[in-house]
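A quick write-up on the structure given underneath.
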Amino acid sequence: MAIKFGKPIETRARLQPVEAPAPGADPLDKPLDLPTRMRRNRRSEWARRMVRENTLTTDDLIWPLFIVEGNRTPVVSMPGVERLSIDDAVRAAEQAAKLTIPCIALFPYTNPQLRDEDGSEALNPDNLVCRAIRAIKKEVPELGLLCDVALDPFTSHGHDGLLRDGVILNDETVAVLVNQALVQAEAGCDIIAPSDMMDGRVGAIRNALDAAGFTDVSIMSYAAKYASAFYGPFRDAVGSNATLTGDKRTYQMDFGNSAEALREVELDIAEGADMIMVKPGLPYLDILQRVKDAFGMPTFAYQVSGEYSMIMAAAQNGWLDGEKAMMESLTAFKRAGADGVLTYFAPRVAEKLAKNN
Ligand code: PBG
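The sequence shown: position 297 = 1472 (the working numbering), numbered continuously.
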């Protein structure tokens, strides 16, 4: 369609309103004088396919997995999602590769006895997530592997950083995150994803990775991450809900803000982020679009746990068609400009896409 000054030519050319049919006239006698009928492009499946602007493919998917020591356990607040043992996670990784999902993300449920004030288990090179990375990389080396850098699965208070007298420390936390990133890179992680929202962590992690010879390890920064109620089920899954004291509003963004997201993203790009993320997803499509338009970076969205669970719960009640809501919501991310989406629906979508082809 020809666009001039942001307006379709067709609508600019039509200056007169359509003449209304006389009252009581048979519409078949005199069709409306409409040179443009938008419905022509929607009249059949082939036409809709021809003019479709955005489509979802398996290339757009990143599949977040929860891992646990020992046996798999369901995540009650996320129907259809389980915490997987390392062996199960290897099998899930194989399934991802078979479904042509390019990348998975690993989130550990740390044994409560191993959690402490400072999240020290995050730095153990033999912790759950590092063992999972090694096991998966050994069996499925062609699959991309992303890991969160943040302390919340490891701290007794459930915060992403070090807590002193009710304050989350910034620079001291960054020093720990740098070591967490190094431990994960050493284990074989491909993409380091700082999700903590401390200031300066992307640059510090980039420097440390480069100094240690990990110049090929990427950084996907959770650049615009909001303090959100939609993370609730995730905190169940990693076991930080029960222990979380207070909220994360001194480091995660205020949901009333939009311009601030651009500053956050700009800083992370300057510090060396290879890819950036906006989170949560669907309630923040405006942010996603602004960020993609402003920077043209590889830009990802996280369809977070609460978004997944809302769709699943409504579907289980028969209140909406879950499959359709899944496809529609994920395509919406593409339309807003996302290059990909972290979504718990990943294997289900990939199976559906494979069946359609
Ligand atoms: C940890 C982290 C969170 C999520 C991803 N990494 C939770 C939080 O910040 O409290 C949320 C993901 C989801 O809800 O699916 N920093």
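No residue lacks a Cβ here, since even glycine has one placed at the ideal position from N, Cα and C.
In this text, all values refer to a predicted model and were calculated from it rather than measured experimentally.
How big is the Cα-Cα spacing for residue i and residue j?
i       : j       : result
MET1502 : LYS1454 : 19 Å
MET1176 : VAL1349 : The predicted position of MET1176 is uncertain, since its pLDDT is 45 and thus under 50; no value can be drawn from it.
ASN1246 : SER1252 : 18 Å
GLY1512 : PHE1282 : 26 Å
TYR1406 : VAL1479 : 6 Å
LEU1207 : VAL1193 : 7 Å
ALA1507 : LEU1231 : 9 Å
ASP1365 : ASN1216 : 43 Å
VAL1304 : GLY1319 : 15 Å
GLY1336 : LEU1505 : 31 Å
GLU1257 : ALA1500 : 21 Å
GLU1317 : ALA1310 : 13 Å
ALA1360 : CYS1322 : 9 Å
CYS1209 : GLY1431 : Here residue 1209 turns out to be Leu, not Cys, going by the sequence shown. In a straight line, the C-alpha of LEU1209 is about 43 Å away from that of GLY1431.
PRO1369 : TYR1483 : 22 Å
GLY1481 : PHE1409 : 8 Å
Check whether the Cβ of residue i sits closer than 7 Å to any heavy atom of the ligand PBG, and report yes or no.
i       : result
ASP1371 : yes
ASP1327 : yes
TYR1477 : yes
ASP1262 : no
SER1484 : no
GLY1414 : no
TYR1406 : yes
GLY1515 : no
PHE1409 : yes
ASP1374 : no
SER1480 : yes
ASP1335 : yes
ASP1323 : yes
In three-state DSSP terms, what is residue i?
i       : result
ASP1291 : strand
THR1348 : helix
ARG1224 : helix
LYS1400 : strand
PRO1202 : coil
CYS1278 : strand
VAL1524 : helix
LEU1236 : strand
ASP1496 : coil
LEU1231 : coil
ASP1262 : helix
GLU1317 : coil
ARG1247 : coil
LEU1303 : helix
THR1506 : helix
ARG1214 : helix
LEU1298 : helix
GLU1269 : helix
Assuming residue i and residue j form a contact by the criterion Cβ under 8 Å, report the distance between their Cβ atoms to the nearest whole angstrom.
i       : j       : result
LEU1240 : ALA1267 : 6 Å
ILE1451 : ILE1462 : Contact flag wrong, Cβ pair sits at about 11 Å.
VAL1250 : ALA1490 : With 8 Å as the limit, VAL1250 and ALA1490 do not qualify as a contact, their Cβ atoms being about 16 Å apart.
ILE1237 : LEU1259 : That pair is no contact at about 16 Å.
GLY1378 : GLY1447 : 6 Å
LEU1352 : VAL1315 : Actually they do not touch by this definition, with Cβ atoms about 27 Å apart.
MET1372 : TYR1426 : 4 Å
SER1393 : ASP1449 : 4 Å
GLY1333 : SER1415 : 4 Å
VAL1516 : ASP1235 : 6 Å
Are any of the Cβ atoms in chain E nearer than 8 Å to that of residue i?
i       : result
VAL1440 : You won't find chain E in this structure, because it holds only one protein chain.
Within the present structure, is the beta-carbon of residue i separated from the nearest heavy atom of the ligand NAD by less than 7 Å?
i       : result
LYS1423 : With respect to small molecules bound, the structure shown includes the ligand PBG and not the ligand NAD.
* Continuous alpha helix (DSSP H) assignments of at least 4 residues falling wholly in the stretch 1422–1482 -> 1434–1445 and 1460–1470
* Asked: Taking the runs of the beta strand (DSSP E) that are 3 residues or longer, which of them lie wholly in the stretch 1353–1424?
  -> 1366–1369 and 1393–1400
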